[in-house]
Amino acid sequence: MKNKFPRIIIAGTHSGVGKTTIAIGIMSALVQRGYKVQPFKVGPDYIDPTYHTYVTGRASRNLDTWMMGEAGVKKSFLNSAFSADISIIEGVMGLYDGFSGSDERGSTAHLAKLLETPVLLVIDGHSMARSAGALVLGYKNFDPGVNIVGVIVNNIASSRHLKYVKESIEKYARVKVIGHLFRDEHLRLKERHLGLIPEYEIRGEQNRYGFIRQVIEKNVDIDEVVRIAEKNKGRHVCLEEASFVRAGMVSEGRASAKTECGLTRRGKQASDERQAGLPLLPTPITIG
């Protein structure tokens, strides 16, 4: 997948809606299929990434437009996504929650637009049926620049409940429901005052991750997740300020659409070079 960055965001209507459970289930299912999955977390959260890292075997990276700036987010994304088959980005809080009630900065929506990444919206279907269509329609229309391409409904009580919720969302919001989770306390990750308990503190519960993966594989269309992410690859994330090569590696004006996008050094070597202070120069490399 040279010069391509298949990617998708798992966002939610609010905190506690099940984003992390669904995200790690999808990540684990993709790893099981042989994909190299690069996980990311929107915002400065240091707990959720411990789960991502455990199930994928790759260090989860934070993408925070408020603290890192847009160029910093792009560089971080490209550096980690370059060697992966697919990137799964877990959102923060609700889709549109950011710096303030009137400013999108720091929100998952802001990141989705910045990286031109499609969004799977996780909603809580508890105690609603036809209203689910109104909920998703509101999120879809709030900012047409955010590409909500699918919905996963959590807390479904029965097959009949699922039928009503799915009908409403697909009829009124015209967004496909690609998955659901039936109500099950065994899917809930342990929490405390800061949110989830870090993965390394509950490492004796690895069987839970296998259970989550099995539930996700049964109830979420993983092929559709891949299709959506693949359809998005090749979008122009790699803008001038986010593309770097080592000084002297590429002559000025020699870069082209066929040139590799990202860092000329990857993995530990790239990290060592940055930490050593080796000069990095911007170059007008784009995705072909």
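Our numbering applies: residue 79 is where the sequence shown begins, and numbers increase by one. Ideal Cβ placement from N, Cα and C applies to all residues, glycine included.
When the options are compared against residue i, the one with the closest alpha-carbon
| i | options | result |
| --- | --- | --- |
| Ser-165 | Ser-178, Leu-267, Ala-235, Ala-137 | Ala-137 |
| Lys-152 | Gly-172, Asp-123, Gly-184, Leu-192 | Leu-192 |
| Ile-100 | Val-227, Tyr-287, Arg-252, Gly-216 | Tyr-287 |
| Thr-91 | Ile-256, Ser-246, Thr-186 | Thr-186 |
| Ala-162 | Thr-143, Lys-97, Val-227, Tyr-113 | Tyr-113 |
| Gly-96 | Asp-123, Asn-232, Val-304 | Asn-232 |
| Ser-180 | Ile-300, Arg-305, Phe-220 | Phe-220 |
| Asn-225 | Trp-144, Arg-238, Val-298, Arg-252 | Arg-252 |
| Pro-122 | Ser-154, Met-145, Val-229 | Met-145 |
Unbroken alpha helix (DSSP H) run spanning residue i, endpoints
| i | result |
| --- | --- |
| Gly-211 | 209-220 |
| Phe-155 | 143-159 |
| Ile-306 | 300-309 |
| Gly-103 | 97-110 |
| Pro-127 | 126-134 |
| Arg-238 | 237-246 |
Classification of residue i by the beta-carbon crowding that lies within 10 angstroms, buried from 16 upward
| i | result |
| --- | --- |
| Gly-345 | Confidence at Gly-345 is low in this model, with a pLDDT of 45, below 50, so its placement is unreliable and the value that follows should be read with caution. Answer is exposed; the Cβ neighbour count stays below 16. |
| His-188 | buried |
| His-204 | exposed |
| Ala-235 | exposed |
| Met-327 | Caution applies to Met-327, whose pLDDT of 38 falls short of 50 and renders its modelled position unreliable; the model cannot decide the point. |
| Gly-264 | For the record, residue 264 in the displayed sequence is His; it is not Gly. That one is exposed. |
| Lys-218 | buried |
| Gly-176 | buried |
| Ser-329 | Caution is warranted here: a pLDDT of 37 is assigned to Ser-329, below 50, making its placement in the model unreliable, and the coordinate value is therefore given only provisionally. By the neighbour-count rule (16 or more Cβ atoms within 10 Å), Ser-329 is not buried but exposed. |
| Ser-367 | With the chain covering 79 to 366 only, the question about residue 367 has no answer from this structure. |
| Tyr-124 | exposed |
| Gly-147 | exposed |
| Gly-223 | exposed |
Residue i CB to nearest heavy atom of the ligand GTP below 7 Å
| i | result |
| --- | --- |
| Ile-226 | Absent from the structure shown: the ligand GTP. Ligands present: none. |
Close beta carbons around residue i, own chain, < 7 Å, minus the five adjacent residues each side
| i | result |
| --- | --- |
| Tyr-242 | Ala-207, Arg-208 |
| Thr-195 | Arg-85, Ile-86, Ile-87, Ile-167, Asn-310 |
| Glu-248 | Lys-254, Val-255 |
| Val-293 | Gly-103, Leu-259, Leu-265 |
| Glu-308 | Pro-84 |
| Thr-134 | Met-105, Val-109, Val-115, Pro-117 |
| Ser-154 | Arg-139, Leu-141, Met-146 |
Cβ-based neighbour list, residue i, same chain, cut-off 6 Å, excluding 5 preceding and 5 following
| i | result |
| --- | --- |
| Tyr-250 | Gly-211, Leu-215 |
| Val-120 | Leu-141, Gly-169, Val-170, Thr-186, Leu-189 |
| Ala-89 | Gly-169, Leu-173, Thr-186, Val-197, Leu-199 |
| Pro-127 | Lys-119, Ser-138 |
| Ser-158 | Gln-116, Arg-139 |
| Arg-291 | Gly-103, Ser-106, Ala-107 |
| Lys-244 | Val-255 |
| Thr-131 | Ala-137, Ser-138 |
| Asp-448 | The chain is shown from 79 up to 366; residue 448 falls before or after that span and cannot be answered. |
| Leu-240 | Ile-234, His-258 |
| Gly-228 | Leu-198, Lys-254, Ile-256 |
| Glu-182 | Gly-176, His-188 |
Unbroken beta strand (DSSP E) run spanning residue i, endpoints
| i | result |
| --- | --- |
| His-258 | 254-260 |
| Ser-118 | Strictly speaking, residue 118 in this sequence is Phe, with Ser absent from that position. Its beta strand (DSSP E) spans residues 115-120. |
| Asn-232 | 226-234 |
| Gly-89 | Here residue 89 is Ala; the residue named in the question, Gly, does not match the sequence. From DSSP, the beta strand (DSSP E) with Ala-89 extends over 85-90. |
8 Å CB neighbourhood of residue i in its chain, flanking five on each side removed
| i | result |
| --- | --- |
| Phe-289 | His-264, Leu-265 |
Suppose only complete runs of 4+ residues qualify. What are the alpha helix (DSSP H) ranges in the region 160-200, listed by chain order? You should have 186-192.
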